[in-house]
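What follows is a short report on a single structure.
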Amino acid sequence: MTLKAPKGSVDQIGGAVDYTFPAGSFSGVLEEVREREIPTNAEGEPFAGWVSTDGSVLGLQFGQMEPLDIDADPGDRKFFVDITVRDGELALDDVDLEERGCPTWQLQRSARTVLNLFSATGHAVEDEEGFVVVPDDALAELEAGKLNGLSIGLVIGNRKESLAKYKQRLMADPKAERRIFDFVQTFFAL
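According to numbering that gives the first Met the number 0, the sequence shown is numbered sequentially starting from 0.
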């Protein structure tokens, strides 16, 4: 066997091109939901925003992404949204969505994402006090894949990596460029 590739694609193990979704509104289809453990660093400790290594994260895979308000074409690329459903003893309904500097901000962000997703899909209801409420079985249905095939609108944003992290990477690689990360800003009904 002869393995061959252009020099430029060999210089970086991650691949010749990193792809960031362009910012804008898209329609997409929830294709798959996968459960995994909370990610850890090399020492086996949770990354920032998690307080435990014992927990659960749902990875939502969206495909058939079609731009609604921009000219960019993502092709067949998938878009992923992570939702932390449990961090140690804490679950989504244990966090205060208004707390600043929350040590479990991954769980806090995930609670907002779930409320937004289920509100956009009609799986959440508004109670008499004006609160958005997700029924107990809705998250279980998402985990079980019962919402797969659901068409949904997504507003995707881009943000630059923090200057501190970029400077840290520059020390190791003077040619490093500042990374751009994509994220879902909101879901909406189509």
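Note that the Cβ used here is the ideal one computed from N, Cα and C, for glycine as well.
Just so you know, these numbers come straight off a predicted model, no measurement behind them.
Here DSSP, grouped into helix, strand and coil, assigns Arg178 to coil. Taken through DSSP and simplified to helix, strand or coil, Leu146 comes out as coil. Residue environment analysis places Gly54 among the buried positions, since at least 16 neighbouring C-beta atoms fall within 10 angstroms of its C-beta. Contact between Thr112 and Val80 is confirmed by a C-beta separation of about 7 Å, below the 8 Å threshold. Take Gln105, set aside five residues on each side of it, and the residues of its chain with a beta-carbon closer than 6 Å to its own are Gly48, Trp49 and Thr83, in chain order.
Residue range Gly54 to Pro66 is occupied by the beta strand (DSSP E) that includes Val56.
Annotation: Gly144 to Gly58 spans about 11 Å, alpha carbon to alpha carbon.
Secondary structure of Thr19 (DSSP, three-state): coil. Within a 10 Å sphere around the beta-carbon of Met64 sit 16 or more other beta-carbons, which makes this residue buried. In this model, Asp172 and Thr19 are separated by some 21 Å (Cα to Cα). By a beta-carbon distance limit of 8 Å, Glu44 does not contact Asn147. Their separation comes to about 33 Å.
Beta bridge pairing from DSSP links Ser26 with Glu65 and Gly152. At least 9 Å separates the beta-carbon of Val94 from that of Phe61. If you check the CB distance, Ile151 and Phe187 come in under 9 Å. Distances from the CA of Lys77 to each of Met170, Asn115, Leu153 and Glu42 were compared; the closest alpha carbon is that of Leu153.
Collapsing the DSSP output to three states places Asp93 in a helix. Between Val56 and Glu88, the gap from beta carbon to beta carbon reaches 9 Å or more.
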